[in-house]
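Enquirer: Chains A and B are the protein sequences, given in the same order. Using my numbering, you'd call the opening residue of the first sequence number 1 and step up by one each time. Using my numbering, you'd call the opening residue of the second sequence number 1001 and step up by one each time. Just so it is clear, CB atoms sit at the ideal spot from N, CA and C, and this is done for glycine as well. A quick note: this is a predicted structure, and the numbers were derived from the prediction, not measured. Take this structure first; my questions come after.
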Amino acid sequence: MTMKIGTGDFKERVDQGIHDSFMRGAVAGAQERMGTRRNDAAEELGNWEDWRSHGEEIRQHVLEHLDYYLQQLSENIASRGGHVFFAQTGEEANQYIQDVVKRKNAKKVVKAKSMVTEEIALNDCLKQAGCEVIETDLGEYILQVDDHDPPSHIVVPALHKNKEQIRDVFAERLGYQKTSKPEELAGHARLKLREEFLSADIGITGCNFAVAETGSFSLVTNEGNADLVTALPKTQITVMGMERLVPTFEELEVLVSLLTRSAVGQKLTSYITVLTGPREEFDVDGPEEFHLVIVDNGRSQILGGEFQSILQCIRCAACINTCPVYRHVGGHSYGSIYSGPIGAVLSPLLGGYEDYKELPYASTLCGACTDVCPVKIPLHQLLHKHRQNIVENTGQAPISEKLAMKAFGLGAASPSLYKLGSKIAPAAMNPFTQGDKIKKGPGPLKAWTEIRDFPAPNKERFRDWYKNRDKGGNQ
Amino acid sequence: MKVTLFATCLVDMFQSNVGKATVELLERLGCEIIFPESQVCCGQPAYNSGYVRESKEAMKRMIRTFQNAEYVVSPSGSCVAMFKEYPHIFKEDHEWGLLAQQLAEKTYELTQFIVDVLHIEDVGAQLNGKATYHTSCHMTRLLGVKSAPMILLNNVKGLEYTELPGKEQCCGFGGTFSVKMAQISEQMVDEKVTHVEETGADYLIGADAGCMMNIGGRIDRTGKPIKVMHIAEVLNSR
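The structure is reproduced here in structure tokens:
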């Protein structure tokens, strides 16, 4: 298992998504709520564009000097008695964590929300090692209880479910008997989870940003579950994507502000926790043993290439919350734990074109994602780059399309061919034309006319009218 | 003022009325129109589908065609945004890169040209009825033209304007997206048409032939009594 989710091909998944009216209602509502809150939170700063530029600079600077900051981070963690492991692949990361679990003879792991552990399918690996894994983020917990339904959104993993569905899941699996009120649902989960926190052997978290200068890492949450994950179990393992760090606390402040405003429209989330290494002599809580697992898993292949800017991502999901395609198909259609525009760029890079070649085309290149990105990743341009790669380097583009584009190249480059083509078009389209409309078109027009009318080519093209008019015939 | 018209392939072939309205409108505003016959398509359909090599031939043809123009004006935000992208596409080719830059700098979308270059905000148009306006993505986001169409429409006599709910949302055209991802496109255009209906408008006004073909095609197919008009046609109504 990897980042791949769901079954069937892209078209089947989209079809399923489009016909899931519960999911679509939930997604549209969430997009509107989160979009509005994000816009207000951004506007409130007064100089959002300056903040974005600053965020972009910080992320670009870190990526340009990633080796330096990673070394600084790991030295600072080691000097405080923490362990650092660089995993080149997901398997290596999982193996290392499994080894720690075995060494500690751990039977139960509590986890805070982490996309990178989803990416490497850590939970499956831990279960194989005979360890019980409990997700403690409410959204992740709901999905886990619901027979491991995969996340459909990187910040709000259970976005595709409404509260009635969640009540039904809890009733069926946990014997829940109360209403679908969010407070009651959360209260029930909290009771259940409290027992788990107290009995867990190991806590595993992700990492929003590590701070190189101090060897710290930060967690941005609204539920406080991550604080219990890091405070109660004796052993803590933090897993981070290798690009998720900042030089100092100064940059951390900028990026956390951009993150909370972009992700949930809050000035700050309820909890922003910064932790540094294992428990020290006079600390009242915290783990006795601390491990940081830094995951490459394809990222160093992206670094230095034409897609480097995607590594600027701070996983806020603002692009997902504004995407008109995501709105209608939902997160599971992407077949990856990374959905929406960020997923459509990242999944083919981390998972390969073989599995994800459709994603770059699942966009109108409308640019809404690029506009909201707090660190100015040119998302729609990266989607376009994927398309170019697929056409030029992978040989995966359909032959009919290649021929059509070749014809386009020839026709558009030659005014006489172009003029001839547009002149004979009305006659060629005549068999399909009713009045001034084509209702059932041939070839590539078929897909168009299945849902909409297509205009019949004008018998008198604009250029004909203009020419006649020049001659005085059409004043 | 001499204005060289970049009509766009869609207008040339499918919406010649928009081309005519553009010519008449600009002439009424005191411009002299030149239409170079050698113009083809801006290359966007192939370029956006990833066929960069194939599209460059069309781009070079367009650069040559408009090389001597003083102002290039087009009734399509998306196609103008494509011209603005040329310098980036040819950035590694010194000679073409320079020519592309010159073309990008002198090219304007129609409403942008009227408001920013001609400094006219009221073209003396009249159209009676309720209208709403679709702000195309490429025109607003890539080209950054947001206020010019609104300024001009606000001064059209008899036109009662209602803002389109969810106006910044894409209509689902996206060039080849509309046929490659027809199923998703259908959901997007349906939501757009629903919003248009909610306004109770008689006219849906747009400034991009692609979006208009998409939304208009769906409106026609579903038999809604809404007329789709290009902003050039509205501004040319008297």
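Under 7 Å, CB to CB, which of the residues in the stretch 318 to 338 of chain A have a partner in chain B?
Expert: So the close ones are P324, V325, H328 and V329.
Enquirer: Answer with yes or no whether the minimum CB distance from A:T36 to chain B is below 8 Å.
Expert: By 1-based counting over the first sequence, the position of residue 36 of chain A is 36. Not an interface residue.
Enquirer: Could you give the residue range of the alpha helix (DSSP H) that holds B:V1011?
Expert: One-based indexing of the second sequence puts residue 1011 of chain B at position 11. B:V1011 -> alpha helix (DSSP H) spans C1009 to M1013.
Enquirer: Taking A:A412 as the reference, give the member of B:E1057, B:L1029, B:H1230 and B:C1171 with the closest Cα.
Expert: Here residue 412 of chain A corresponds to residue number 412 of the first sequence, with the count starting at 1. The shortest Cα separation from A:A412 among B:E1057, B:L1029, B:H1230 and B:C1171 belongs to B:E1057.
Enquirer: Just the C-alpha distance for B:S1055 and B:K1002, rounded to the nearest angstrom, thanks.
Expert: Residue 1055 of chain B sits at position 55 when you count from the first residue of the second sequence. Residue 1002 of chain B sits at position 2 when you count from the first residue of the second sequence. Rounded to whole angstroms, B:S1055 to B:K1002 spans 28 Å at the Cα level.
Enquirer: Check for me: the alpha helix (DSSP H) holding B:I1219 runs from which residue to which?
Expert: The residue you call residue 1219 of chain B lines up with position 219 of the second sequence. Element bounds for B:I1219: A1209 to R1221.
Enquirer: Is the beta carbon of A:L193 closer than 8 Å to that of A:T136?
Expert: The sequence position of residue 136 of chain A within the first sequence is 136, counting from 1. The sequence position of residue 193 of chain A within the first sequence is 193, counting from 1. Yes, the pair counts as a contact, with Cβ atoms nearer than the cut-off.
Enquirer: Start and end of the beta strand (DSSP E) containing B:K1091?
Expert: Stepping through the second sequence from its first residue, residue 1091 of chain B is reached at position 91. Element bounds for B:K1091: n/a, residue is neither H nor E.
Enquirer: Name the chain A residues whose beta carbon is nearer than 7 Å to that of B:S1016?
Expert: Walking along the second sequence from the start, residue 1016 of chain B turns up at place 16. Within chain A, the residues near B:S1016 are N458, E460, R461, F462 and W465.
Enquirer: According to DSSP, simplified to helix, strand and coil, what is B:H1119?
Expert: Here the question's residue 1119 of chain B lines up with position 119 in the second sequence. Three-state DSSP puts B:H1119 in coil, outside helix and strand.
Enquirer: Which value, in whole angstroms, describes the spacing of the CA atoms of B:I1114 and B:V1073?
Expert: Locating residue 1114 of chain B in the second sequence gives position 114, where the first residue counts as 1. Locating residue 1073 of chain B in the second sequence gives position 73, where the first residue counts as 1. So the two alpha carbons sit approximately 10 Å from each other.
Enquirer: Tell me, which residues are paired with A:Q434 by DSSP?
Expert: On the first sequence, residue 434 of chain A is found 434 positions in, with the first residue counted as 1. A:K437.
Enquirer: Take the Cβ of A:V329 as the centre, count every other Cβ of all protein chains shown within 10 Å, and call the residue buried at 16 or more, exposed below.
Expert: As a first step, residue 329 of chain A is located in the first sequence; it is residue number 329 there, counting from the start. The residue in question, A:V329, is buried, as its Cβ has 16 or more Cβ neighbours within 10 Å.
Enquirer: Does B:R1238 have its Cβ less than 8 Å from a Cβ in chain A?
Expert: If you number the second sequence from 1, residue 1238 of chain B lands on position 238. Answer no: the Cβ-Cβ gap between B:R1238 and chain A never drops below 8 Å.
Enquirer: What is the DSSP secondary structure of B:G1129, reduced to helix, strand or coil?
Expert: Locating residue 1129 of chain B in the second sequence gives position 129, where the first residue counts as 1. Looking at B:G1129 - three-state DSSP - the assignment turns out to be strand.
Enquirer: Over what stretch of residues does the alpha helix (DSSP H) that includes B:H1253 continue unbroken?
Expert: The requested residue 1253 of chain B is not part of the displayed model; chain B covers only 1001 to 1238.
Enquirer: Report yes or no: is there a C-beta of chain B within less than 8 Å of the C-beta of A:W51?
Expert: If you number the first sequence from 1, residue 51 of chain A lands on position 51. Closer than 8 Å: no.
Enquirer: Going along the chain, which residues of its own chain have a beta-carbon closer than 8 Å to the beta-carbon of A:R103, five neighbours each way excluded?
Expert: Along the first sequence, read from residue 1 onward, the residue named residue 103 of chain A stands at position 103. No residues qualify anywhere along the chain.
Enquirer: Would you call A:F22 buried or exposed, if buried means 16 or more other Cβ atoms sit within 10 Å of its Cβ?
Expert: On the first sequence, position 22 is the one that residue 22 of chain A refers to. Label assigned to A:F22: exposed.
Enquirer: I need the straight-line Cα distance from A:V375 to B:K1020, nearest angstrom please.
Expert: Your numbering for residue 375 of chain A matches position 375 in the first sequence. Your numbering for residue 1020 of chain B matches position 20 in the second sequence. If you take the alpha carbons of A:V375 and B:K1020, they lie about 44 Å apart.
Enquirer: Using the Cα positions of B:I1033 and B:E1105, report the straight-line distance between them to the nearest angstrom.
Expert: Sequence index remark: in the second sequence, residue 1033 of chain B carries index 33 (1-based). Sequence index remark: in the second sequence, residue 1105 of chain B carries index 105 (1-based). Between B:I1033 and B:E1105, the C-alpha separation is close to 19 Å.
Enquirer: Give the DSSP-derived three-state secondary structure of A:L252 in the structure shown.
Expert: One-based indexing of the first sequence puts residue 252 of chain A at position 252. Here A:L252 sits in helix by DSSP.
Enquirer: Is it buried or exposed for B:K1157, if we count other Cβ within 10 angstroms and need 16 for buried?
Expert: Residue 1157 of chain B sits at position 157 when you count from the first residue of the second sequence. Per the 10 Å Cβ criterion, exposed.
Enquirer: Please report the distance separating the alpha-carbon of B:C1009 from that of B:T1176.
Expert: In the second sequence, counting from the first residue as 1, residue 1009 of chain B sits at position 9. In the second sequence, counting from the first residue as 1, residue 1176 of chain B sits at position 176. Straight-line Cα distance between these residues: approximately 15 Å.
Enquirer: Is the stretch 314 to 321 of chain A in contact with the stretch 252 to 261 of chain A, if contact means three or more CB pairs nearer than 8 Å?
Expert: Result yes; three or more Cβ-Cβ pairs closer than 8 Å.
Enquirer: Can you pull the chain A residues whose beta carbon is under 8 Å from the beta carbon of B:F1083, in chain order?
Expert: Residue mapping note: residue 1083 of chain B aligns to position 83 of the second sequence, counting from 1. The contacting residues do not exist; B:F1083 stays about 14 Å from chain A at best.
Enquirer: Let me check understanding here. Comparing Cα to Cα, which of A:D227, A:K467 and A:V110 lies closest to A:C131?
Expert: What you label residue 131 of chain A is simply residue 131 of the first sequence in a count that begins at 1. Measuring from the Cα of A:C131, the nearest candidate turns out to be A:V110.
Enquirer: Sorted by chain position, which residues of the same chain lie with C-beta nearer than 8 Å to A:Q486's C-beta, five sequence neighbours on each side aside?
Expert: Residue 486 of chain A is absent from the structure shown; chain A starts at 1 and stops at 475.
Enquirer: List, in chain order, every chain A residue whose beta-carbon is nearer than 7 Å to that of B:M1181.
Expert: As a position in the second sequence, residue 1181 of chain B is number 181, starting the count at 1. Within 7 Å Cβ-Cβ: Y361 and A362.
Enquirer: How many Å lie between B:H1119 and B:C1079 at the Cα?
Expert: In the second sequence, counting from the first residue as 1, residue 1119 of chain B sits at position 119. In the second sequence, counting from the first residue as 1, residue 1079 of chain B sits at position 79. Answer to the nearest angstrom: the Cα atoms are 23 Å apart.
Enquirer: Considering only residues of the same chain and omitting the five flanking positions on each side of B:A1007, which have a CB-CB separation below 6 Å?
Expert: Position 7 of the second sequence holds residue 1007 of chain B. Counting only Cβ-Cβ distances below 6 Å, and skipping sequence neighbours, we find G1019.
Enquirer: Which residues mark the beginning and the end of the beta strand (DSSP E) in which B:V1072 is found?
Expert: Taking the first residue of the second sequence as 1, we reach residue 1072 of chain B at position 72. It spans Y1071 to S1074 - the beta strand (DSSP E) in which B:V1072 sits, taken as one unbroken run.
Enquirer: Name the residue from A:E288, A:L292, A:P324 and A:G298 whose alpha carbon lies nearest to the alpha carbon of A:K234.
Expert: Here the question's residue 234 of chain A lines up with position 234 in the first sequence. Ranking the options by Cα distance to A:K234, first place goes to A:E288.
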